[in-house]
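This report concerns only the one structure given below.
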Amino acid sequence: MEIVKVCTSQGSLGKNSGCEEAPEAILSELKKIEVNESGKKIEFKVSSAEINENNLDETNLNIENTKGDVFLGGDHSITYPLFKSFAKEKKNAGLLIFDAHPDCALYVKTASHEDFVRKLVDDGFLKKENLVYAGLRRFSKVENDFLRGIKCFNMKDLFLNTENACDNIMEICRHFDELYLSIDIDVLDPGFAPGTGYLEPGGLSIRELIYFIKRLKFLKNLKRIDLVEVNPKKDINEMTVKLAAKILSELL
12 MEIVKVCTSQ GSLGKNSGCE EAPEAILSEL KKIEVNESGK KIEFKVSSAE
62 INENNLDETN LNIENTKGDV FLGGDHSITY PLFKSFAKEK KNAGLLIFDA
112 HPDCALYVKT ASHEDFVRKL VDDGFLKKEN LVYAGLRRFS KVENDFLRGI
162 KCFNMKDLFL NTENACDNIM EICRHFDELY LSIDIDVLDP GFAPGTGYLE
212 PGGLSIRELI YFIKRLKFLK NLKRIDLVEV NPKKDINEMT VKLAAKILSE
262 LL
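Numbering-wise (this note's numbering), the sequence shown opens with residue 12 and increments by one.
So this is what it looks like as C-alpha cells:
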C-alpha cells in the first residue's frame with residue numbers, strides 16, 4: 012500500500028491553516044503501530060504530492076497527476092483533483108464521503124474545501140447518482156437544496172441503526188465500477204477528534220467509524236481513499252493525530 016502525503020491547507024482559504032502538518036504527524040504515529048486489530052502487520056510505502064504554496068491551481072494539477080492508493084491531507088479540497096483523475100479513468104466511478112458537512116457551497120473558480128463536491132458535479136466529473144454521503148449534520152439552505160436527490164445517510168440515520176445504514180451504503184456502493192472513499196475527520200464527534208477546523212457536535216464515535224471501515228474494505232471495487240482535515244495545531248494531546256493513525260492502520 013502506498014500512502015501519498017498531500018501537505019497543503021491552501022484549499023481551506025486560510026480558515027484551517029495547520030492541515031499541511033498533518034501527514035508528517037500522522038505517519039509518525041502510524042509507524043508506532045506494529046499490527047492492526049485484525050493482526051495484520053502494518054507495512055506501507057510513502058511518497059509526496061508536489062505542492063506550490065504560491066499557486067493553488069498548480070498544486071491541484073500536481074495532485075491530480077500523483078499516483079497512489081491512500082492520500083493523506085491536507086484540507087478536503089484535495090479530493091477535487093484526486094477524484095477528477097480517478098473519474099477520468101473510470102466510466103462509472105462512485106464517491107462515498109464521510110463528513111459532517113456536504114461541502115457543496117457556491118464556488119467562485121478554484122475548488123475549496125467548502126465547495127469541491129458541487130464543482131465536481133458541475134464540471135462533469137461526478138454524477139449526482141454516484142455520490143453518497145455518510146454522517147452529515149450541518150449544512151446551509153443552499154447546500155440543502157443541492158442535496159435533493161442525492162443519497163445522504165445523515166448522522167441521525169447512522170445513529171438509529173448503524174448496521175442497517177452500513178448495509179444500505181455498501182449495497183449502493185458495490186454497483187459502482189470503482190469506488191473512491193473520502194474521510195473528513197470531522198465526521199467524528201469533537202469529543203474524539205478535536206483537532207480539526209470545523210467542530211460539529213453529535214458525530215460518530217471512533218468505534219463506529221472503524222466498524223464502517225472494516226466492512227467497506229470488503230468491497231472489491233474500493234480503489235482509492237483519502238483522509239483529510241486533521242489539524243495538529245488545533246489538536247489536544249495529539250488525540251486526533253493518533254485517531255487518524257488508527258484509522259489508517261485499519262485501512263491498510
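Cβ coordinates follow ideal geometry from the N, Cα and C atoms, glycine included.
Based on DSSP bridge pairs, tell me the residues matched to residue i.
i	result
GLU13	LYS56
SER193	ILE108, ASP237
VAL119	Paired residue(s): none; VAL119 is not in a bridge.
PHE94	Answer is none; PHE94 lacks a bridge partner.
CYS30	CYS30 pairs with nothing; no bridge assigned.
LEU215	LEU199
ALA145	PHE109, PHE164
VAL128	Answer by DSSP bridge pairing: none, since VAL128 is not bridged.
VAL46	LYS52
Quick check on DSSP: helix, strand or coil for residue i?
i	result
CYS18	coil
LYS102	coil
TYR209	coil
ALA204	coil
LEU230	coil
PHE82	strand
GLU182	helix
ASP246	coil
GLU64	coil
Just checking my contact of residue i with residue j at CB under 8 Å: how many whole Å lie between their CB atoms?
i	j	result
SER88	GLY22	3 Å
LYS167	VAL143	At roughly 16 Å, the Cβ-Cβ gap does not stay under 8 Å, so LYS167 and VAL143 are not in contact.
LYS16	VAL57	7 Å
MET181	LEU230	6 Å
LEU199	ILE217	6 Å
GLY202	THR251	Actually they do not touch by this definition, with Cβ atoms about 11 Å apart.
ILE224	LEU263	Not a contact, Cβ separation roughly 11 Å.
PHE164	ARG129	That pair is no contact at about 19 Å.
GLY29	SER20	6 Å
LEU169	LEU117	LEU169 to LEU117, Cβ: 27 Å. No contact.
Are there 16 or more other CB atoms within 10 angstroms of the CB of residue i, so buried, or fewer, so exposed?
i	result
ILE247	exposed
ARG235	buried
SER49	exposed
ASP110	buried
GLU125	buried
PRO113	buried
GLU240	buried
GLY146	buried
GLY213	exposed
Among the residues of its own chain, which have a CB less than 6 Å from the CB of residue i, if the five just before and after it don't count?
i	result
SER59	LYS16
GLU32	PRO243
PRO34	LYS16, CYS18, LEU83
Between residue i and the rest of its own chain, which residues show a CB-CB distance below 8 Å, the 5 nearest in sequence each way excluded?
i	result
ASN141	ASN103, ALA104, GLY105, LEU106, PHE187
ASN66	none
ASP68	THR121
Below 7 Å CB to CB, which residues in the same chain sit around residue i once its five sequence neighbours on both sides are set aside?
i	result
LEU233	LEU190, LEU192, LEU227
Of all Cβ atoms in chain D, is any one closer than 8 Å to the Cβ of residue i?
i	result
ARG226	Going by chain labels, chain D is absent from the structure shown, which holds only one protein chain.
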